[in-house]
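Presented below is the structure to which this report refers.
Written out as structure tokens, the structure is:
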């Protein structure tokens, strides 16, 4: 089956990248890093893991309240779906595999495919809006207090990530304001890309994009009439991101270091790291995420400490979700792989 082959291929790529990254991190200061890892206070590590599960909980709760009929899907089922989504997001470039699986699992609860797609798109709008707001706050905080040194490469990478996420949010707003104008603009670029042979089948691409834009417009229009839901969804996603972004603070505290980081520098650094990782076209943004973490948190932590913190942080915020998601998915009943491809 195609989906199984893709999972195997992406998993192999992921494992290979993980091994390479670990070798690079451990090759120079192996003993110091191992000593740091073994000296961590387990209670703070458990607290970090708890906040990771809180991050998933708030995403699940947001999805749960978006479903009109609460009898069709419970909060527990929504949480399980989000865990499985962690797996599919984790093994696909740009986290593109989670949403199709999320839609499929939603249809398993007697919810139509159209409605399931609508629910998923609305949750994407909540998340993207919260992500951009966090990015604006993080960039503003650094601009005022200058917590990071001015490095041209990092500045450009963060700016690129910020612009990509902002452009997505602006595109969503444009679809809400005028779907017709948005289509004309998008079709213009498809025609242009077709002329330079980037797009092979112009008409087929237009049909797919047309359908996608109509779905986004329908979802966005519904949200415009549900202002309370939109506000609540964005706030819950903002809280969810805060739970994710604060995790490095607890890992550093597990080493008995209570001064190198504070909540604001941690949240700002994490926001910058995730902004950089948003445009890395590799499952889990591997390589880019680690580089960003070392660069930004390296302003506050020593080389040996930051490598140990990175290993634990990456396991909690990425690999743990992938492992649990894979396990949860394996327990699900077998599905027609073509339906979720």
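Residue numbers (this note's numbering): 32 to 372.
We treat Cβ as the ideally placed atom computed from N, Cα and C, and that holds for glycine.
These figures come from a predicted structure and were not determined experimentally.
Inset, instruction - Express the C-alpha separation of residue 342 and residue 328 in angstroms, rounding to a whole number. - result: 13 Å
Inset, instruction - Quick one: grab the DSSP three-state call for residue 362. - result: Residue state, collapsed to three classes: helix.
Inset, instruction - Can you grab the Cα-Cα spacing for the pair residue 202 / residue 325, in whole Å? - result: The C-alpha of residue 325 is placed about 32 Å away from the C-alpha of residue 202.
Legend entry - Cutoff 6 Å; reference residue 321; Cβ partners in own chain excluding five residues on either side: So the list reads 52, once near-sequence residues are dropped.
Legend entry - residue 178 to residue 244 span [Cα, whole Å]: 40 Å
Inset, instruction - Please name the residue in 300, 215 and 263 whose C-alpha comes closest to that of residue 186. - result: 300
Inset, instruction - To the nearest angstrom, report how far apart residue 216 and residue 69 are at their CA atoms. - result: Near 55 Å, if we compare the C-alpha coordinates of residue 69 and residue 216.
Legend entry - First and last residue of the uninterrupted alpha helix (DSSP H) at residue 145: Residue 145: member of the alpha helix (DSSP H) spanning 144–176, first to last residue.
Legend entry - Cα-Cα separation between residue 230 and residue 116, rounded to whole angstroms: Their backbone Cα atoms lie some 29 Å apart in a straight line.
Inset, instruction - Pull up the distance between the alpha-carbon of residue 156 and that of residue 61, whole angstroms please. - result: 43 Å
Inset, instruction - Go to residue 139, then tell me how far its alpha helix (DSSP H) extends in each direction, as first and last residue. - result: Element bounds for residue 139: n/a, residue is neither H nor E.
Inset, instruction - Name the residue from 223, 84, 175 and 139 whose alpha carbon lies nearest to the alpha carbon of residue 356. - result: 84
Legend entry - Sequence-distant residues of its chain with Cβ nearer than 6 Å to residue 151 (five each side left out): 130, 133 and 134
Legend entry - Residue ranges of each beta strand (DSSP E) within the segment 265–298, 3 or longer: You should have found no qualifying run.
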